[in-house]
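*Asks:* Using the working numbering, read the sequence shown as starting at 6 and increasing by one per residue. Even for Gly, the Cβ is constructed at its ideal location relative to N, Cα and C. These figures come from a predicted structure and were not determined experimentally. My structure is below; once you've seen it, I'll send some questions.
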Amino acid sequence: MRLTPALFALLLAAATLFPGCAFAPATPTPKTFALAIHGGAGTLSKNTPPERRKEYEDALAAALTYGRDRLALGDSALDVCESVVRILEDDPRFNAGKGAVYNEQGQHELDASIMDGSTLRCGAVAGVRTVRHPISLARLVMEKTRHVLLAGDGAEKFADGQNIERVSNDWFDTEQRRKQLDEALKERASKGAAASASAGATATTPDTPPADRRRDYGTVGCVALDAQGRLVAATSTGGMTAKRWGRIGDSPVIGAGNYADRFIAVSCTGTGEQFLRHVVGKSISARVELAGASLDDAVAALVDRTLQPGDGGVIAVDRFGNLVARFSSEGMYRGLADASGRFEVGIF
Ligand code: ASP
């Protein structure tokens, strides 16, 4: 049948009068809110006893419940994402804030960023050493400066003038991360490098990935759509175990490891250098905005085809409240919830 102007007008009128009918434009009904969280792509191994797995699942469920309940009360995605990330930063199981990994000098250098997709306002910090909640410092950069990203001493100096909790660098220590650093340095030494934890800054270490890539990973993130239709992404990390002093990953780089706009919000985890190269956050958005891809397809294109197998994963939400969590690593700590009652946590 030929689509004449008269037939078109008829179909249009039918679609307007009967929005549920087959001719109606395929616009999904927006969910009033939706959120996803992650605790990084560097997970426990699949052989871990169920009791230990459950500890992680319970921690994810608690953070997800908190975020979901606040969104249900009508709180802003910005406040919710910041608060959920603060909870995960305080949890020593995840590589952000307390429990962050060590760099090759045995120090913690933390990166974080936050972005409000409704205004494109964003803030980020990199290489901070004494701020208990880097995500909150990132938000202060967004709200109190005209800049987007402050790094190292400059970020610490900015924190001095803010009402924000400070801790000594060893406050972030945990035995588990120390063990991972020791293993990483031992592995390097056995590869013939002249590295040591104390001489790390000048050592000539081979920059090859570790045998167990799970050591490369760990980050926390939250993406949310609130009842006002605003999309926000927040990400915080200790980076990669035994990273070089001064190394900055994708998490504080807007458009790479963290991004939000009118279409989507995305938070990434994995080998940061790969997410930087492929500008993963913005690339997902561009596929949705410019190519009309579904969120699912846009995320799959990046995670399954652009990135290499094992590079990591992403969580994302779009303006209709569709949620996606996809990874090519062995696992990714994650949780998804929305206004329809969906509530899921998973690791593998
Ligand atoms: N993407 C983070 C980084 O490279 C690490 C991670 O997410 O696992 O700093």
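Which partner residues of THR242 appear in the DSSP bridge assignment?
*Replies:* Note: THR242 sits in a beta bridge opposite ASP116.
*Asks:* Looking only at DSSP bridge pairs, what is ASP343 linked to?
*Replies:* Its beta-bridge partners are ALA39.
*Asks:* Determine the extent of the alpha helix (DSSP H) in which VAL285 is found, giving its start and end residues.
*Replies:* Its alpha helix (DSSP H) spans residues 285–296.
*Asks:* Would you mind stating whether ASP121 and VAL237 have Cβ atoms separated by less than 9 Å?
*Replies:* Yes, these two residues count as a Cβ contact at 9 Å.
*Asks:* Taking 8 Å as the cut-off, is the CB of MET245 close to at least one heavy atom of ligand 1?
*Replies:* Checking the Cβ of MET245 against ligand 1 gives yes.
*Asks:* Please confirm whether any heavy atom of ligand 1 lies closer than 8 Å to the CB of GLY315.
*Replies:* Incorrect: GLY315 has no Cβ contact closer than 8 Å to ligand 1.
*Asks:* With a cut-off of 9 Å, does the C-beta of LEU307 fall near any C-beta of chain C?
*Replies:* Here chain C cannot be found, since the structure has a single protein chain.
*Asks:* From the DSSP output, in three-state form, read off ASP80 for me.
*Replies:* Correct three-state label for ASP80: coil.
*Asks:* Per DSSP, GLU349 is paired with what?
*Replies:* Bridge partners of GLU349: LEU341.
*Asks:* Compute the Euclidean distance between the alpha carbons of ASP266 and ARG193, then round it to the nearest angstrom.
*Replies:* About 41 Å.
*Asks:* Please confirm whether any heavy atom of ligand 1 lies closer than 8 Å to the CB of GLU161.
*Replies:* No; taking the cut-off as 8 Å, the Cβ of GLU161 has no heavy atom of ligand 1 nearer than that.
*Asks:* Taking the C-alpha atoms as reference points, what is the distance between ARG339 and GLY166?
*Replies:* ARG339 and GLY166: Cα-Cα distance of roughly 35 Å.
*Asks:* Less than 9 Å between the beta carbons of ALA129 and PRO257, yes or no?
*Replies:* Yes.
*Asks:* Can you tell which of ARG324, GLY45, VAL85 and ASP95 has its C-alpha closest to the C-alpha of GLY318?
*Replies:* For GLY318, the nearest C-alpha among the options comes from GLY45.
*Asks:* Does DSSP classify GLY157 as helix, strand or coil?
*Replies:* It is helical.
*Asks:* Please find out if some non-hydrogen atom of ligand 1 comes closer than 8 Å to the beta-carbon of ASN327.
*Replies:* No, the Cβ of ASN327 stays beyond 8 Å of every heavy atom of ligand 1.
*Asks:* Drop a sphere of 10 angstroms on the beta-carbon of HIS113, count the other beta-carbons inside from all chains shown, and report buried for 16 or more, exposed for fewer.
*Replies:* Burial call: buried.
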